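Q: Per the numbering used here: the sequence shown = residues 323 to 487.
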Amino acid sequence: MPYRRGRTSHYQLMSDFPLMHGRTPHRLEVFKMGRCKNLPDGTESWVDEESRRRYEAMSEMIAPSDIDVKSQTPEDAFISVMGKDRPGRVRCAGSGETLRTWYGSTSTGPSAYSEREKQMQEQLKVQEDKLKAQADKMNEMKQQISQLQSVASKVDEMSVLLSQI
Numbered sequence: 323m324p325y326r327r328g329r330t331s332h333y334q335l336m337s338d339f340p341l342m343h344g345r346t347p348h349r350l351e352v353f354k355m356g357r358c359k360n361l362p363d364g365t366e367s368w369v370d371e372e373s374r375r376r377y378e379a380m381s382e383m384i385a386p387s388d389i390d391v392k393s394q395t396p397e398d399a400f401i402s403v404m405g406k407d408r409p410g411r412v413r414c415a416g417s418g419e420t421l422r423t424w425y426g427s428t429s430t431g432p433s434a435y436s437e438r439e440k441q442m443q444e445q446l447k448v449q450e451d452k453l454k455a456q457a458d459k460m461n462e463m464k465q466q467i468s469q470l471q472s473v474a475s476k477v478d479e480m481s482v483l484l485s486q487i
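#1: Mapping DSSP to helix, strand and coil, what is residue 452?
#2: Does the stretch 405 to 413 touch the stretch 328 to 348, meaning 3 or more C-beta pairs lie closer than 8 Å?
#3: Work out the CA separation of residue 467 and residue 474 for me, nearest whole Å.
#4: Which of the three DSSP states is assigned to residue 439 in this structure?
#5: On the CB-based measure, 16 or more other CB atoms within 10 Å of its CB, does residue 463 come out buried or exposed?
#6: Keeping to the same chain, check which residues put their C-beta closer than 8 Å to that of residue 375; ignore five residues upstream and five downstream.
#7: Can you grab the Cα-Cα spacing for the pair residue 333 / residue 361, in whole Å?
#8: For residue 455, count the other beta carbons within 10 Å of its own beta carbon; 16 or more makes it buried, fewer makes it exposed. Which is it?
#9: How long is the line joining the alpha carbons of residue 397 and residue 367, rounded to whole angstroms?
#10: Would residue 394 and residue 384 be called neighbours here (beta carbons separated by less than 7 Å)?
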């Protein structure tokens, strides 16, 4: 995929971003910085249609939606559209970036994994709560069935007694 950086290096863009926005950019923003130029009239100029299409796909994945599906983190959306980083290379981060310089001492993004783990734990807790509620409801139904069986046996006894009279 082509880049639009020209004379501005990847490192300069990365160091200017926190000054403008007050935070470090995530991979989706780095992808856009390298392939899209904001024009003076407010429009965007992409280096190619494929880059624009991939950026829109990633943006849709992280956007909150009304559907019950949870939105992904920018890191997860980037990986699902662009693919995983290969050993010794970070996708779309420039030729000087390695896994160690991008993520630190680990080979994968710890924040993305910890966020994903937290989401999975929350989902597990919700599922456990639903299962407990269903078990409670089932126990209640069993009690009602036993009560109905007791009443039915008493009705049978009464009908036998009435038939004898």
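Built from N, CA and C at the ideal position, the CB exists for glycine as well. Since we're looking at a predicted model, the values are computed, not measured.
A: Checking against the coordinates, here is how it stands:
#1: The sequence position of residue 452 within the sequence shown is 130, counting from 1. Residue 452: helix per DSSP, three-state reduction.
#2: no
#3: Position 152 of the sequence shown, counted from the first residue, corresponds to residue 474. Position 145 of the sequence shown, counted from the first residue, corresponds to residue 467. Spanning the two alpha carbons is a distance of roughly 10 Å.
#4: The residue given as residue 439 occupies position 117 in the sequence shown. Residue state, collapsed to three classes: helix.
#5: Numbered from 1 along the sequence shown, position 141 holds the residue referred to as residue 463. Residue 463 is exposed by the Cβ-count criterion.
#6: As a working note, residue 375 is residue 53 in the sequence shown. Cβ neighbours of residue 375 beyond the five flanking positions: none.
#7: Against the sequence shown, residue 333 aligns to sequence position 11. Against the sequence shown, residue 361 aligns to sequence position 39. Computed Cα separation, rounded: 21 Å.
#8: Taking the first residue of the sequence shown as position 1, residue 455 is located at position 133. Residue 455 is exposed by the Cβ-count criterion.
#9: Residue numbering aside, residue 397 sits at position 75 when the sequence shown is read from its first letter. Residue numbering aside, residue 367 sits at position 45 when the sequence shown is read from its first letter. Their Cα atoms are separated by approximately 24 Å.
#10: For the purposes of this step, residue 394 is identified with residue 72 of the sequence shown, where counting begins at 1. For the purposes of this step, residue 384 is identified with residue 62 of the sequence shown, where counting begins at 1. Yes; because the gap between Cβ atoms is below 7 Å, this pair is in contact.
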